[in-house]
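Student: Keeping their order, the protein sequence lines are chains A and B. Counting from 48, one number per residue, gives the positions in the first sequence under this note's numbering. Counting from 234, one number per residue, gives the positions in the second sequence under this note's numbering.
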Amino acid sequence: MWSNLLRFRGAFAIVALAVLSLTLAFDGTLAFYIHPRYNIFTISMGIIAVGLAVVASVFYRGEDHPPTGKHQHRQSTRTIEKFSALLVTGFVVLAILLPPTTLSSFTATNRAFNEGALNTEMQAPTGLSREAFALLTVRDWASLISQNQDPAFYRGKTVNAVGTVSASDERDVFLLTRFVVTCCAVDAQPVSISVFLPGWQEDFAVDDWVLVGGGFQSAGLLGLSEGLAVVPTEIGKTEVPREPYLF
Amino acid sequence: MRKWAPPLLLAGLIAVIALRSWSNQNLEPFRGQLQDLFTLSLALLVESLPFIVLGISLAIVVQVFIPPSWLHSWLPANPFARRAIVSLFGIVLPVCECGNVPLARGLMGRGYSVGDSLTFLLAAPIVNPITIVTTYQAFGFDNGILVARIVGGYVIANLLGWLLSRHPDPEKLLTTRFARECKVAPAEKSTSKWEQVSSLFISESTALMPALTVGALIAGAIQVGVPRETLLALGSDPLISVLALMALAFVISVCASVDAFYILPFAQTFLPGSIVAFLVFGPLIDVKMVALLRTTYTMRTIGLLAAVVGLASLLLGTVMNSVV
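(1) Pick out the complete beta strand (DSSP E) segments inside the region 488-524 of chain B, 3 residues or longer, and give them in chain order.
(2) With B:Pro-300 as the anchor, note down where its beta strand (DSSP E) starts and where it stops.
(3) Out of curiosity, what's the CA-to-CA distance linking B:Ala-351 and B:Ala-524?
(4) In the DSSP output, what is A:Ile-282 paired with across the bridge?
(5) Got a sec: is the Cβ-Cβ distance from A:Thr-115 to anything in chain B below 9 Å?
(6) Going by the beta-carbon positions, is the gap between B:Glu-330 and B:Pro-358 smaller than 9 Å?
(7) Using a Cβ-Cβ cut-off of less than 9 Å, list which residues of the region 435-458 of chain B approach chain A; keep chain order.
(8) Distance, Cα to Cα, A:Pro-113 vs B:Leu-282?
(9) Taking all protein chains shown into account, decide if A:Ala-232 is buried (16 or more other Cβ within 10 angstroms of its Cβ) or exposed.
(10) Would you list, in chain order, the members of the region 271-283 of chain B that have their beta-carbon closer than 8 Å to a beta-carbon of chain A?
(11) Alpha helix (DSSP H) containing B:Val-457: first to last residue?
(12) Could you pull out every unbroken alpha helix (DSSP H) segment of at least 4 residues lying fully inside the region 351-413 of chain B, listed in chain order?
(13) Rounded to a whole number of angstroms, what is the C-alpha to C-alpha distance between B:Gly-348 and B:Ala-444?
(14) Buried or exposed: A:Thr-115, going by 16 or more other Cβ atoms within 10 Å of its Cβ?
(15) Here's the rule I'm using: 16 or more other beta-carbon atoms within 10 Å means buried, otherwise exposed. How should A:Phe-294 be labelled?
(16) Would you be able to state if there are at least three C-beta pairs under 8 Å between the region 528-543 of chain B and the region 489-499 of chain B?
(17) Decide if B:His-305 is buried, meaning its Cβ has at least 16 other Cβ atoms within 10 Å, or exposed.
(18) Can a CB atom of chain B be found closer than 9 Å to the CB of A:Pro-147?
(19) Taking its Cβ as the centre, do 16 or more other Cβ atoms sit within 10 Å of B:Gln-370, making it buried, or is it exposed?
(20) Pop quiz: B:Pro-301 and B:Gly-265 are said to be a contact at Cβ under 8 Å. What is the actual Cβ separation, rounded to whole angstroms?
(21) By the 8 Å beta-carbon criterion, what residues does the region 204-229 of chain A contribute toward chain B?
(22) Within 10 Å of its beta-carbon, does B:Gln-253 have 16 or more other beta-carbons around it, so buried, or fewer, so exposed?
(23) Could you run through the region 257-271 of chain A and flag, in chain order, every residue whose CB is less than 9 Å away from some CB of chain B?
(24) Nearest CA to the CA of A:Gly-260: which residue from A:Ala-252, A:Ala-132, A:Val-253 and A:Val-278?
(25) Provide the residue(s) that pair with A:Thr-224 in DSSP beta bridges, ordered along the chain.
(26) Mind checking which residues open and close the alpha helix (DSSP H) that includes A:Trp-188?
(27) Along chain A, in chain order, which residues have C-beta atoms closer than 8 Å to that of B:Phe-494?
(28) Going by CA-CA distance only, name the one from B:Gln-268, B:Thr-368, B:Ile-293 and B:Leu-504 that's closest to B:Met-558.
(29) Whole angstroms are fine: how far does the CA of A:Ile-95 sit from the CA of B:Phe-514?
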């Protein structure tokens, strides 16, 4: 039993993770982990991995040449193998059992907000109707704010953005947050805009997905320390978007 | 294999699908630090897995379906010229760095020297056309970042290949297990092609997947444990900024084919040499790669590799910061 588990631990891991990737793609939750441009490649390679496993299950004959070497070295190698087999098995079982989820506000706070993922060439859609602004994402708004903090520019322009709730330094303000992903969740960079809502803690928990509608006001008018914040005219919890990260 | 293996595999596949379906409906994810560690590690695994499968598949093709004589016949006998050509294999085998590990193992299984295979392993992710195109899309020809990356990576790979080729006993650069596997190539053990394919799939996945899983877990833990701004607060110093971005590249373990997009937003904060050091060092040495390299090379070899690549990247980055 042990020897079989040890011998096939890699094949077990590769097939289980391949099937997991395929089920994530089927659920539409692969985007919780990787950029959608990799979906077809991931699915194709997952199918090939399963195919190779099927071939191996039929044709594999086992090792003809058992390992040789000093007894003590074999002992320590086997201990490492057992440990890695347990670790891989535990991780794969957890990966299968735990429902897919996105990164939380812990990572958003751990990485600097609005440091690396802003679109520095973002052009405000000045020539378009005000409704066009309602289509902007959290990243778009954060990019605009990084370039222009004049409250007059934002007057009458409507925010209609989805994101998660992250706590801020100001008691009456939370950060509407999204992650921007280049390749996979590992490189996710948080972007956020401030939302002024006294007592928000009573209605929302950190990491809740919310839809915020409203307009910007300057911090001075709201009694805040700096910048601009959205004053919501409508706000409510919402489902996790199909693509929770911005790409 | 035993007769019960195919039905057992089928039962396992059905069980995984059923468990996923059940857990989606009945379990709630937990939130916070631990969940993020898990999500980050799983993201790294899901992102790397297709490249590992592709790398194993190519290694199988190289070892089972391509005659050994063909792999050697058209390569120059001169070691410098041979490594110069081997380090361009990445142009026609556009696999990410983790997928190159099984392929490099396959090349050694087919008689390539340690120096040759390592030259391929280090150069391939940087001369990969996808990497070149994405780096061009991100930076164009600004500040010589693209050219410095390609030339720098190519030279460092050949430098290391030359260094390792001077070792009096190259087999000692490899782990005992892998050196033994090279001596007894699966192709010699098995009779049919399908048995060889099976044997290679089992041995390569067993060598690589535990290492990749451990590497992904460590990378996830470091990402959760080390605040990003600690590294990024060092952007304007010509030397420290290079070290900071090399440390960042080591920690995040992002693929070479997209790392240019990842680092692009930092180009305003960091000097061009630091960006180049990130782009050259990251594909060669990071947490995930060290774990994968450990399946094949001794810690001493990996230490030498990390030291040479690190010093060369540091030198390249610092000189660029002084000149550009």
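The beta-carbon is built from N, C-alpha and C at its ideal position, and this holds for glycine as well. Quantities reported herein were computed from a predicted structural model and do not represent experimental measurements.
Tutor: Taking the structure as given:
(1) none
(2) Residue mapping note: residue 300 of chain B aligns to position 67 of the second sequence, counting from 1. Per DSSP, B:Pro-300 belongs to no beta strand (DSSP E) and is neither H nor E.
(3) Working through the second sequence from its first residue, we reach residue 351 of chain B at position 118. Working through the second sequence from its first residue, we reach residue 524 of chain B at position 291. Here the sequence assigns Leu to residue 351 of chain B, which means Ala is not the residue at that position. Rounded to whole angstroms, the gap between the alpha carbons of B:Leu-351 and B:Ala-524 is 15 Å.
(4) Looking up residue 282 of chain A in the first sequence gives position 235. Paired residue(s): A:Val-259.
(5) Position 68 of the first sequence, counting from 1, holds the residue named residue 115 of chain A. Its pLDDT being 48, under 50, A:Thr-115 is placed unreliably in this model, and the value from its coordinates should be taken loosely. So, interface residue.
(6) Working through the second sequence from its first residue, we reach residue 330 of chain B at position 97. Working through the second sequence from its first residue, we reach residue 358 of chain B at position 125. Contact: yes.
(7) Ile-435, Ser-436, Glu-437, Ser-438, Thr-439, Ala-440, Leu-441, Met-442, Pro-443, Ala-444, Leu-445, Thr-446, Val-447, Ala-449, Leu-450, Ala-452, Gly-453, Gln-456, Val-457 and Gly-458
(8) On the first sequence, residue 113 of chain A is found 66 positions in, with the first residue counted as 1. On the second sequence, residue 282 of chain B is found 49 positions in, with the first residue counted as 1. Interpretation of A:Pro-113 is limited by its pLDDT of 48, a score under 50 that renders its predicted location unreliable; the figure taken from the coordinates is listed afterwards. Distance between the alpha carbons of A:Pro-113 and B:Leu-282: 29 Å.
(9) One-based indexing of the first sequence puts residue 232 of chain A at position 185. Looking at its Cβ environment, which holds 16 or more other Cβ atoms inside 10 Å, A:Ala-232 is buried.
(10) Phe-271, Thr-272, Leu-273, Ser-274, Leu-275, Ala-276, Leu-277, Leu-278, Val-279, Glu-280, Leu-282 and Pro-283
(11) Here residue 457 of chain B corresponds to residue number 224 of the second sequence, with the count starting at 1. Per DSSP, B:Val-457 is one residue of the alpha helix (DSSP H) stretching across 426-458.
(12) 362-372 and 378-398
(13) Position 115 of the second sequence, counting from 1, holds the residue named residue 348 of chain B. Position 211 of the second sequence, counting from 1, holds the residue named residue 444 of chain B. Using only the alpha carbons, I get a separation of about 22 Å.
(14) Along the first sequence, read from residue 1 onward, the residue named residue 115 of chain A stands at position 68. The pLDDT assigned to A:Thr-115 is 48, lower than 50, so where the model puts this residue is not dependable, and the model offers no usable value.
(15) In the first sequence, counting from the first residue as 1, residue 294 of chain A sits at position 247. Label assigned to A:Phe-294: exposed.
(16) no
(17) Indexing the second sequence from 1 puts residue 305 of chain B at position 72. Exposed is the call here.
(18) Numbered from its first residue, the first sequence carries residue 147 of chain A at position 100. With 9 Å as the cut-off, A:Pro-147 counts as an interface residue toward chain B.
(19) Here residue 370 of chain B refers to the residue found at position 137 when the second sequence is read from its first residue. Exposed.
(20) Position 68 of the second sequence, counted from the start, is the residue given in the question as residue 301 of chain B. Position 32 of the second sequence, counted from the start, is the residue given in the question as residue 265 of chain B. That belief does not hold up - the Cβ atoms of B:Pro-301 and B:Gly-265 are roughly 53 Å apart, past 8 Å.
(21) Thr-229
(22) As a first step, residue 253 of chain B is located in the second sequence; it is residue number 20 there, counting from the start. Strictly speaking, residue 253 of chain B in this sequence is Arg, with Gln absent from that position. The residue is buried, with at least 16 neighbouring Cβ atoms inside 10 Å.
(23) none
(24) Your numbering for residue 260 of chain A matches position 213 in the first sequence. The alpha carbon of A:Gly-260 has as its nearest neighbour, out of A:Ala-252, A:Ala-132, A:Val-253 and A:Val-278, the alpha carbon of A:Val-278.
(25) Reading the first sequence from its first residue, position 177 is the one you call residue 224 of chain A. According to DSSP, which records beta bridges pairwise, A:Thr-224 is partnered with A:Thr-211 and A:Ser-239.
(26) As a first step, residue 188 of chain A must be located in the first sequence, where it is residue number 141. From DSSP, the alpha helix (DSSP H) with A:Trp-188 extends over 185-194.
(27) Within the second sequence, numbered from 1, the residue matching residue 494 of chain B stands at position 261. Result: Thr-229 and Cys-230.
(28) Residue 558 of chain B lies beyond the range of chain B shown here (234 to 557); nothing can be said about it.
(29) Numbered from its first residue, the second sequence carries residue 514 of chain B at position 281. Numbered from its first residue, the first sequence carries residue 95 of chain A at position 48. Taking the straight line joining both Cα atoms gives about 31 Å.
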